[in-house]
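Below: one structure, written as structure tokens.
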């Protein structure tokens, strides 16, 4: 399956994002009201709720989620229960998604994904990557190249968030947290290699820009889901590099091989398992 290039859908209302303005006070019933007002794009494997005006974006996200569900079932025999939420900025805030608008995140109601890019999402990414966001998709049909690029970056992080969901489903007994994060990036990069290999340079450029523009992350072994957002973001190029090491050995079968490793080890995936199969990770882990 190959994905269509992103079609940027502009917002109909100019809304201040949670990153650039104080969050509004939560009102009783906000979340249930927002969910009730969202439109539905049905699917047997990955239904999506979306904010009005974001149908094209919802269809694009749904194809990604359906592909992940199919891939993970093929690779590991695991059925993912993925539900997408394609949200306008104001709906993102009302559902109390903790990450800044533009960074996909699994929440109680599903996997939250931005509905579109605008000047605020561009400013967010420019803070971390600098001016001139990486974009490999030609001239957008609507909106500026940088607005479309901000949504392309969101899609890169969407793949990894799907990988985190898959890792949580396949590794029954948790080891060091960095292992699950590496597995998430391996799942994401494997999916890109299988379905949209032409995006690999664009994705690598985005991570390289982030690594060069933002302070370096602490040691890999110190990674934790509880760290602050800026530190968490600084780790993402590091784990992308780790995934590249794994794919250099196993290619398109990397996610399949790694997702199946816990089966022979009581549901665990430990450091020794990884270093035995991928010796090149030893140097990466020691950085």
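Residue numbers (my numbering): -7 to 279.
Every residue, glycine too, gets a C-beta built ideally from N, C-alpha and C.
Computed from a prediction, not measured in an experiment: that's the story for all the values here.
Using the Cβ count rule (16 or more neighbours within 10 Å means buried), how would you classify residue i?
i           : result
residue 138 : buried
residue 34  : exposed
residue 70  : exposed
residue 190 : exposed
residue 65  : exposed
residue 208 : exposed
residue 218 : exposed
residue 157 : buried
residue 74  : buried
residue 220 : exposed
residue 275 : exposed
residue 83  : buried
residue 267 : exposed
residue 94  : buried
residue 63  : buried
residue 18  : In this prediction, residue 18 scores a pLDDT of 42, lower than 50, which makes its location untrustworthy; the coordinate-derived value is nonetheless stated afterwards. Answer is exposed; the Cβ neighbour count stays below 16.
residue 259 : exposed
residue 180 : buried
residue 123 : exposed
residue 144 : buried
residue 43  : buried
residue 205 : exposed
According to DSSP, is residue i part of a helix, a strand, or is it coil?
i           : result
residue 144 : helix
residue 106 : strand
residue 151 : helix
residue 279 : coil
residue 30  : coil
residue 125 : coil
residue 120 : helix
residue 24  : helix
residue 252 : helix
residue 88  : coil
residue 243 : helix
residue 272 : coil
residue 14  : Note that residue 14 scores a pLDDT of 34, beneath 50, so its modelled location is shaky; the value from the coordinates is reported in the next line. Correct three-state label for residue 14: coil.
residue 136 : coil
Which partner residues does residue i have in the DSSP bridge list?
i           : result
residue 53  : Looking at the DSSP assignment, residue 53 forms no beta bridge with any residue, so it has no partner.
residue 230 : Bridge partners of residue 230: none, in fact.
residue 98  : 103
residue 79  : 106
State yes or no: is the C-beta of residue i within less than 8 Å of the C-beta of residue j?
i           : j           : result
residue 241 : residue 270 : yes
residue 87  : residue 163 : no
residue 89  : residue 99  : yes
residue 177 : residue 115 : no
residue 120 : residue 202 : yes
residue 125 : residue 141 : yes
residue 109 : residue 135 : yes
residue 168 : residue 213 : yes
residue 251 : residue 67  : yes
residue 60  : residue 50  : no
residue 76  : residue 38  : yes
residue 153 : residue 96  : yes
residue 172 : residue 151 : no
Less than 7 Å separating the Cβ of residue i from some heavy atom of the ligand SAM?
i           : result
residue 278 : No copy of the ligand SAM appears in this structure; indeed no ligand is present at all.
Ignoring anything shorter than 4 residues, give me the alpha helix (DSSP H) runs that lie fully in the stretch 162 to 227, in order along the chain. 169 to 187 and 192 to 205
Considering only residues of the stretch 32 to 76, which uninterrupted alpha helix (DSSP H) runs meet the minimum length of 4 residues and lie entirely inside it, listed in chain order? 47 to 68
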